[in-house]
Every structure is written in C-alpha cells, then in structure tokens.
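Down below is the structure, laid out as structure tokens.
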Amino acid sequence: MKGIKLYVLATGVLPQDKSILIAGLTQATEKNRNPVPVWSRTPTYAVLIEHPDGYVLFDTSVNPEGMTKRFPQSLKTMNNYEAADDEQFPARLAQLKVKPEQIKYIVMSHMHFDHAGNLELFTNAEITVHEDEFAQAYKAFGLNSEMGVYVWEDLHQAAMKKLNWKLLPAGVEKKVLLPGLTIYNFGSGHSYGMLGLLVELESAGNILLVADAIYTSTNYGPPLKPPGIIYDSIGWARTAEKIREIATEKNAQVWFGHDEDQLKTLKKSTEGYYE
Ligand SMILES: [Zn+2]
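Residue numbers (this note's numbering): 114 to 388.
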C-alpha cells in the first residue's frame with residue numbers, strides 16, 4: 114500500500130548456545146561423545162511501521178534494565194544480552210524522532226523477554242496479543258512462579274500502566290489492523306499463542322513478520338528443524354506450513370525472529386526504510 118514505511122530496529126544480541134535456536138544441533142553420538150556446542154550471537158529486533166493512520170510497532174524488544182535489574186540470574190546465564198546505549202530499543206525510536214506516546218498500535222508476536230521488554234512505555238497504544246499468550250504470561254506473573262523466558266518486572270510495569278490490551282481470540286484466524294497490515298494468528302507453537310503481521314508495501318512488496326514462530330531459515334527448511342524452546346511441537350510444525358502457504362499466496366518474504374544471516378541483509382533504521 115502506498116504511504117507505508119517500515120523500519121527495522123536492530124536492538125543488540127543474545128550471545129547463547131545455538132541449540133536454543135535449533136534443537137539438538139550438537140547432539141552427541143557414539144563416535145563423537147563430546148560435541149562442541151555452537152556459539153551464536155543471536156540478534157534481536159523490532160519493527161516500526163509508519164502508516165498514514167498512525168505509528169505501529171511489531172514487538173518492543175528487550176528492556177534496557179534487563180541485565181542490570183530485571184532479569185533473574187537463570188535468564189542472564191542463558192542469554193547475556195548485549196546492546197550499546199544507541200542500540201537499546203527506546204534509543205532506536207528516539208533516533209527516528211518517534212515518541213512512545215505517538216505509537217497507536219502494537220502487535221505482540223508473543224510476550225517473551227526479548228519482545229515484551231518495553232511495553233510500559235506505550236500508554237496510548239492499543240496492544241494486540243494472543244489471548245492464550247496473555248493468559249499464560251499473567252498467570253505465571255500472578256502466581257509468582259518461575260517464569261522462564263517471561264520477565265516478572267516487565268509484566269509488573271505493564272500492569273501498573275493500565276495498558277490498552279486487545280486480546281485476539283484463539284479462534285480468529287486473521288484480522289486486518291489497518292489497510293495494508295494484517296495480523297495472522299499462528300496459534301500455539303514456540304509459545305502459547307503466536308501472532309504474525311503481513312505488511313504490504315508499495316515498492317518492497319509484501320513482508321510477513323513471523324518473529325519466533327520461526328527463529329531462523331534453518332528451522333524453516335525444508336526440512337523443518339524445531340527450536341530448542343518450544344511449547345507445542347505439533348502446533349509449531351503446523352504453523353511453519355501455514356506460514357509457507359501465506360507466503361506463497363501473498364508472494365511475501367518471510368522475516369524470521371532471530372536469523373543472524375537474514376538480519377545482516379536487511380536495511381536497518383539507521384540506514385533507511387522499506388516502502
Ligand atoms: Zn525471541
């Protein structure tokens with residue numbers, strides 16, 4: 114659609130064992146009982162869309178105080194998040210002279226720490242999230258239980274701000290957010306409820322943002338390779354095939370959630386935008 118601009122906000126890396134992204138990547142065998150794990154500098158990013166009807170965000174990346182204050186030790190040990198000051202998510206928005214209160218809509222792929230870290234900033238936005246994802250994240254929050262890849266303080270700050278949540282019911286397959294922007298319900302897979310966003314650009318063509326429904330092109334295959342973090346393996350595989358169908362039907366590029374090679378090829382917000 115004419116008049117839509119898309120910015121890629123690259124927000125630092127998660128140094129981690131690559132088997133988090135690709136399950137069983139370095140599995141031992143009789144002949145190789147002590148395989149060497151592959152180290153990954155897994156990139157994180159969010160997407161800002163400038164639409165004639167207002168600013169839209171797809172995800173909100175990691176909280177700048179994650180490593181110093183918010184993350185439990187287990188999360189820091191697994192993902193030693195690295196981002197220079199100018200790579201932090203709020204800084205990326207500021208570089209484009211966009212104020213958080215100007216954001217009108219947010220689509221949350223899911224609520225893990227590297228996607229939901231800055232929700233508290235967006236008090237004017239309507240925030241769409243899968244109802245099952247929201248329910249499970251806030252269930253863990255309320256129970257004060259071990260939260261794994263959700264961060265208690267991120268959810269606490271979001272709750273304190275009385276944000277304008279819009280829950281996408283499990284049975285709704287897709288929803289037009291604005292002309293040229295369609296939310297897809299990928300259901301359970303990597304997490305309890307995953308959402309994607311199809312962005313229809315005039316010159317760059319269609320882009321399907323799938324976030325962690327598919328971490329990398331290696332997971333996508335074919336053949337499919339499941340990720341190391343997965344809630345519903347059957348749902349995950351079903352989603353991957355659904356994504357392939359949508360991408361074919363809409364002639365869309367698929368942008369994965371944490372693909373180092375793919376992100377290198379994308380134009381970052383410091384270099385320009387897609388339109
Ligand atoms: Zn992620």
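All C-beta atoms in this analysis are idealised placements derived from N, C-alpha and C, irrespective of residue type, glycine included.
Bear in mind the structure is a predicted one, so any value in this text is a computation, not a measurement.
- Collapsing the DSSP output to three states places M224 in coil.
- Exclusion of the five residues before and after N298 leaves H243, L281, V285, E286, K287 and L308 as the residues of its chain whose Cβ lies within less than 7 Å of its Cβ.
- When the Cα atoms are used, T352 and E358 turn out to be separated by approximately 10 Å.
- Of all residues, those with a beta-carbon under 7 Å from at least one heavy atom of ligand 1 are T157, H225, D227, H228, A324, D325, G370 and H371, reported in chain order.
- Fewer than three Cβ pairs drawn from the segment 141–155 and the segment 172–181 lie within less than 8 Å of each other, which leaves the two stretches out of contact.
- For the beta strand (DSSP E) assignment, the uninterrupted runs of no fewer than 3 residues enclosed by the segment 166–253 are, from N- to C-terminal side, 167–171, 216–220 and 239–243.
- In the three-state DSSP reduction, R146 falls in the coil class, being neither helix nor strand.
- The residues T173, S174, N176, F202 and P203, in chain order, have a CB closer than 7 Å to that of N231 in the same chain once the five nearest residues on each side in sequence are set aside.
- Checking the DSSP bridge columns, you'll see L314 partnered with G318.
- Three or more Cβ pairs closer than 8 Å define a contact, and the segment 213–226 falls short of that threshold against the segment 145–157.
- Around the beta-carbon of L256, fewer than 16 other beta-carbon atoms lie within 10 Å, marking it exposed.
- Listed as beta-bridge partners of R154 by DSSP are P128.
- N257: not part of any beta strand (DSSP E); DSSP gives it neither H nor E.
- One alpha carbon belongs to G341, the other to S132, and they sit about 6 Å apart.
- Using a 10 angstroms sphere on the CB of K355, the tally of other CB atoms reaches 16 or more, which defines it as buried.
- Within the segment 263–305, the complete alpha helix (DSSP H) segments at least 4 residues long are 265–273, listed from N- to C-terminus.
- Ranking A159, E259, M260 and Q249 by CA distance to the CA of V126 puts A159 first.
- Residues A350 and A353 of the same chain have their beta carbon placed closer than 6 Å to that of L337, with the five preceding and five following residues left out of the count.
- Rounded to the nearest angstrom, the Cβ distance from Y305 to D227 is 16 Å, too far for a contact under 8 Å.
- For Q366, the uninterrupted beta strand (DSSP E) run begins and ends at A365 to F369, by DSSP.
- Each residue's CA atom was taken as its position, placing M191 and D130 some 8 Å apart.
- Residue pairing for E163: DSSP places it in a beta bridge opposite K118 and Y168.
- In the displayed model, A350 falls within a helix according to three-state DSSP.
- Here DSSP, grouped into helix, strand and coil, assigns L308 to strand.
- A360 and V367 have their C-alpha atoms some 7 Å from each other.
- Under the DSSP definition of a beta bridge, A123 partners with Y158.
- Taking each of N193, R183 and L119 in turn and checking the Cα distance to T155, the smallest one comes out for N193.
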